[in-house]
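Here is the structure we will look at.
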Amino acid sequence: MTNGAVPLTQSIAWKALLEHYEAVKGLHMRDLFAKDPGRGARLVCEAQGIYLDYSKNRLTDDTMRLLLDLADAAGLRVAIDAMFRGEKLNVTEHRAVLHVALRAPAGAAIRVDGENVVPKVQAVIEKMAGFANLVRSGQWKGHTGKRIRTVVNIGIGGSDLGPVMAYEALRAYSDRALTVRFVSNVDATDIAESTRDLDPAETLFLICSKTFTTQETLTNAQTARAWCLQALKNDAAVARHFVAVSTNAGEVEKFGIDPANMFEFWDWVGGRYSLPSAIGLSLMVAIGPERFREMLAGYHAMDEHFRTAPFDKNLPVLLGLIGLWYGNFFGAESHAILPYDHYLGRLSAYLQQLDMESNGKRVDRGGSVVNYQTGPVIWGQPGTNGQHAFYQLIHQGTKLIPCDFIGFCRSLNPMGQHHDLLASNLFAQTEALAFGKTAAEVEAEGVTPALVSHRTFPGNHPTNTILVEELTPEMLGKLIALYEHKVFVQGTVWRINSFDQWGVELGKVLAKRITPELTSGTDPDLRHDSSTNELIRRYRRFRRMG
Ligand code: G6Q
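In this note's numbering, each residue carries its 1-based index in the sequence shown increased by 2.
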């Protein structure tokens, strides 16, 4: 699938980019725009209701041509087809990578080990819809006969970040008679604060865990069970107040949840790609099956765009290649995601996991250490709040931070001038970042000479602008799939496995070793390094017993 024989940095396409970088690295966007009045209308890509303006980047038409050559040389087309065909691209876990099957329409055929998985995906969506309708209509009663008012999703990582992000994003479409809360942290404060004002008789817990062995989730689930049974005083209540989403029916049953109340998904769905699976159940309860299906249709439309559009008009390919240009050639280490929509307050955190867990890899698929940068640090906050906090560093700091600005033409809460002010801020920021303010311009404003350098903005800070008409469930699906596939594009060029997460697995094992050393009644024989040993001893001295 990749040209494994030639090291990436020795490949013709890479070397051509390196040479080109030397020629264009000094160019300023001020000059690029001045010399080319058509640039802002030409370096754009519009598809699936998404307008991507990538003209405010430190690149030329030649850069794009060379980046597209790199994608071709990386075998991107073959890799995309292999993913959609269900090949086991996750080589270290020997698994297919088929989140695209979760949103394939009924009637499609996508095979894993010879089995068409689309019918079973559709069957789970049907089962979820039946359940969501019962809860939404009040027909699903708690143990004492009361209707459910609050749904608490217990899960962590991929079993939390997607649902919480999408629930916040689609709040405008949700049933306000129901509230959904999310508990993820093993810190008891999370579940204590999330349940303190709730009535157990009106609360339904969704225990979401692909493996159903994750310490944080199971600990929270046990605590929730105890909280519920303390009030309802009957084990039979579990059946009305606990539902599971998992790939592991055996562990679900051991926990005491009736397998009839379990919603299934499969090992070919990575945790961070699982929102469109049964992991999205809390979201479906909130917005209803129809809206959830609209979101799935949006995902699918972007999947098809990615699979079929020529690379120079392919949104995920363009975003992926432009990101790589900065990471691998300009040495940028991070990438900011800045949504100008309050509903997307959790989008950056969601994309942080998607990208950093997928492409935070130091060896290629064959296990050799790579000699080039892979995934960047992804971070961000919604605008305009970020402008009053960290944008300073982007404008005038010493680091190059490419940014994605995401905005909408219409607000879901049209009130007075709010939305025009929000949009003006977005456009003004990308303009200021690109063009800056020269010392001459500052002087012309009559600024005292001592302050001129302080008030000069170098500009030439790259941004992509993603402009969309309105935030809908369908559009949210498209935006998430856009970033999923961007990550795929980069991972393919970097020759890494974007679909395993051994670093997460490490964390799951390490803490389990230390817990008994913190709690044992007798002094444990500590065999860590001297720092860890001292920390454990100090903790034991001061911890609350019992
Ligand atoms: C995601 C990761 C990780 C995972 C959590 C929860 O891709 O694998 O974030 O989702 O560790 O795992 P479980 O769903 O198995 O509890």
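For each residue, glycine too, the CB sits at the ideal point set by N, CA and C.
- The continuous stretches of beta strand (DSSP E) do not include Ser196, which lies in the alpha helix (DSSP H) extending over residues 190-197.
- Around the beta carbon of Glu447, fewer than 16 other beta carbons sit within 10 angstroms, so the residue counts as exposed.
- Membership of Ala233 in the alpha helix (DSSP H) is indicated by the continuous run 217-234.
- DSSP places Ser336 inside the beta strand (DSSP E), whose first and last residues are 336-341.
- Between Tyr53 and Leu469 a beta carbon distance of about 5 angstroms is seen, short of the 8 angstroms cut, so the two are scored as contacting.
- Closest option to Pro318, judged by alpha-carbon separation, among Gly418, Gly438, Asp55: Asp55.
- Under the three-state reduction of DSSP output, Ala251 falls in the helix class.
- Look at Arg97 here: in three-state DSSP terms it is strand.
- Proximity of the beta carbon of Val444 to ligand 1 is not indicated: no heavy atom of the ligand is located closer than 8 angstroms.
- Counting of Cβ neighbours within 10 angstroms places Val120 among the buried residues, the total reaching 16 or more.
- Tyr345 has no beta-bridge partner at all, per DSSP.
- Spanning the alpha carbons of Leu61 and Gly272 requires a straight line of approximately 34 angstroms.
- According to DSSP, Leu317 shares a beta bridge with no other residue.
- Contact annotation: the stretch 473-480 touches the stretch 290-305, with at least three C-beta pairs closer than 8 angstroms.
- In the DSSP assignment, Gly409 forms a beta bridge with Leu469.
- Listed as beta-bridge partners of Thr205 by DSSP are Thr152.
- The C-alpha of Leu395 is placed about 8 angstroms away from the C-alpha of Lys401.
- In the assembly as shown, Gly282 is a buried residue. Its beta-carbon has 16 or more other beta-carbons within 10 Å.
- In terms of Cα proximity to Lys488, the closest of Asp406, Ala441, Val511, Leu414 is Asp406.
- Every beta strand (DSSP E) stretch that sits fully inside the stretch 264-300 and reaches 3 residues is listed by chain position as 264-266.
- Per DSSP, reduced to three states, the secondary structure at Tyr53 is strand.
- Excluding residues up to 5 positions away in sequence, Gly88, Ala98, Trp270 lie with their Cβ nearer than 6 angstroms to the Cβ of Val114 in the same chain.
- With the rule of 3 Cβ pairs closer than 8 angstroms, the stretch 403-417 does not count as touching the stretch 368-375.
- Closer than 8 angstroms to some heavy atom of ligand 1: that does not describe the Cβ of Glu486.
- Membership of Phe184 in the beta strand (DSSP E) is indicated by the continuous run 181-185.
- About 7 angstroms separates the beta carbons of Val154 and Ala226, which is inside the 8 angstroms limit, making them a contact pair.
- Taking the Cα positions, His101 is about 11 angstroms away from Val123.
- Taking the CA atoms as reference points, Ala43 sits about 8 angstroms from Ser57.
- With fewer than 16 neighbouring CB atoms inside 10 Å of its own CB, Gly523 falls in the exposed class.
- For Gly382, the CB stays at least 8 angstroms from every heavy atom of ligand 1.
- The count of Cβ pairs closer than 8 angstroms, one atom from the stretch 158-176 and one from the stretch 207-216, reaches three, so the stretches are in contact.
- Val495 is classed as buried because its beta carbon has at least 16 other beta carbons within 10 Å across all chains shown.
- When DSSP states are grouped into helix, strand and coil, Glu117 belongs to the strand group.
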